[in-house]
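Everything below concerns the one structure shown next.
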Amino acid sequence: MSEIKVADFYYGAVLSMLFNNHITPALVEGDANRQVYDLTTDTGACRLFIKYRAKKNYTKTQDYNSWVFTITDSDEKEILDYINSGYNLVLAFVCGVEGLSHSEIALLDKYQIEKLLKLGKKAITISRKKNERSYRISVGGSRENAMQIKSSRFEELF
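With the first letter of the sequence shown counted as 1, position 151 gets the number 228 in my numbering; the numbers rise by one all the way through.
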């Protein structure tokens, strides 16, 4: 019998959302740290790069969640190769929580990805306060100076 890995739940969540929207992805590459899929949608082709965190960071308040994602040197090279090759790249950060059912997916387009990479970000912190409509990615300084990513981008990007 095959053992289900924790990563399968997080990658599967993104795939389930795609299947529910009648999009069939094709796995291009994958390992324990990330998976990459090619998609064809009504609006064109897309390459989807997925990373996940199984648990959120400890915070002092329950109304605030944050996750830290590491961009390795090989991730950065691969992402830049995709962008430079002309792919319409989307980066999905699966933000896991205990129990899985309240996990979230933050989606970044290639312009937002390029901006973060140009800033030299190797650790990307994604946060969201309860009832906010956007995630925030720290780019230095206060929350007001953070990059904002709409929390409901799935239909927009796919």
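Glycine is no exception: its CB is placed at the ideal position from the N, C-alpha and C atoms.
_Check whether L185 and F86 have beta carbons under 9 Å apart_ = Position 108 of the sequence shown, counting from 1, holds the residue named residue 185. Position 9 of the sequence shown, counting from 1, holds the residue named residue 86. No. Outside cutoff.
*S211 and T202 look like a contact to me (Cβ under 8 Å); what is the Cβ gap, rounded to whole Å?*
Here residue 211 corresponds to residue number 134 of the sequence shown, with the count starting at 1. Here residue 202 corresponds to residue number 125 of the sequence shown, with the count starting at 1. Not confirmed; about 14 Å, so no contact.
_For K206, report the span of its beta strand (DSSP E) as first-last._
Here residue 206 refers to the residue found at position 129 when the sequence shown is read from its first residue. Taken as a continuous stretch (DSSP letters only), the beta strand (DSSP E) holding K206 covers 200-206.
*Exposed unless 16 or more other CB atoms sit within 10 angstroms - verdict on Q112*: What you label residue 112 is simply residue 35 of the sequence shown in a count that begins at 1. Q112 is buried by the Cβ-count criterion.
*Secondary structure of Y87, DSSP reduced to three states*: Counted from its first residue, the sequence shown places residue 87 at position 10. In the structure shown, Y87 sits in a helix (DSSP, three-state: H, G or I).
*From V145, E221, I226, pick the residue whose C-alpha is nearest to that of K192; which is it?*
The count along the sequence shown starts at 1 and reaches residue 192 at position 115. Residue I226 is the option with its Cα nearest to K192.
*asked:* Under DSSP, the alpha helix (DSSP H) around I190 begins and ends at which residues?
replied: In the sequence shown, residue 190 corresponds to position 113, counting from 1. 187-195 is the span of the alpha helix (DSSP H), which, as asked, contains I190.
*Using the Cα positions of T101 and M224, report the straight-line distance between them to the nearest angstrom.*
Here residue 101 is taken as the residue at index 24 of the sequence shown, counted from 1. Here residue 224 is taken as the residue at index 147 of the sequence shown, counted from 1. When rounded, the distance between both Cα atoms is 30 Å.
*Determine the burial state of G163: buried for a count of at least 16 other Cβ atoms within 10 Å of its Cβ, exposed for fewer.*
As a first step, residue 163 must be located in the sequence shown, where it is residue number 86. Exposed.
*Since D115 is in the beta strand (DSSP E), which residue starts that stretch and which ends it?*
On the sequence shown, position 38 is the one that residue 115 refers to. Counting along the chain, the beta strand (DSSP E) containing D115 begins and ends at 112-118.
_Quick check on the burial criterion: 16 or more other C-beta atoms within 10 angstroms. Buried or exposed for V145?_
Sequence index remark: in the sequence shown, residue 145 carries index 68 (1-based). It counts as exposed.
*Excluding the 5 residues preceding and the 5 following S204 in the sequence, name in chain order all residues of the same chain whose CB lies nearer than 6 Å to its CB.*
As a working mapping, residue 204 is identified with position 127 in the sequence shown. S143, R213.
*Could you give the C-beta distance for A131 and V83, rounded to a whole number, given that I count them as a contact under 8 Å?*
Here the question's residue 131 lines up with position 54 in the sequence shown. Here the question's residue 83 lines up with position 6 in the sequence shown. Right, the Cβ-Cβ distance comes to about 6 Å (below 8 Å), so this counts as a contact.
*Quick one: what does DSSP say Y237 is sitting in, helix, strand or coil?*
In the structure displayed, the chain extends from 78 to 235; residue 237 sits before or after that span and is not available.
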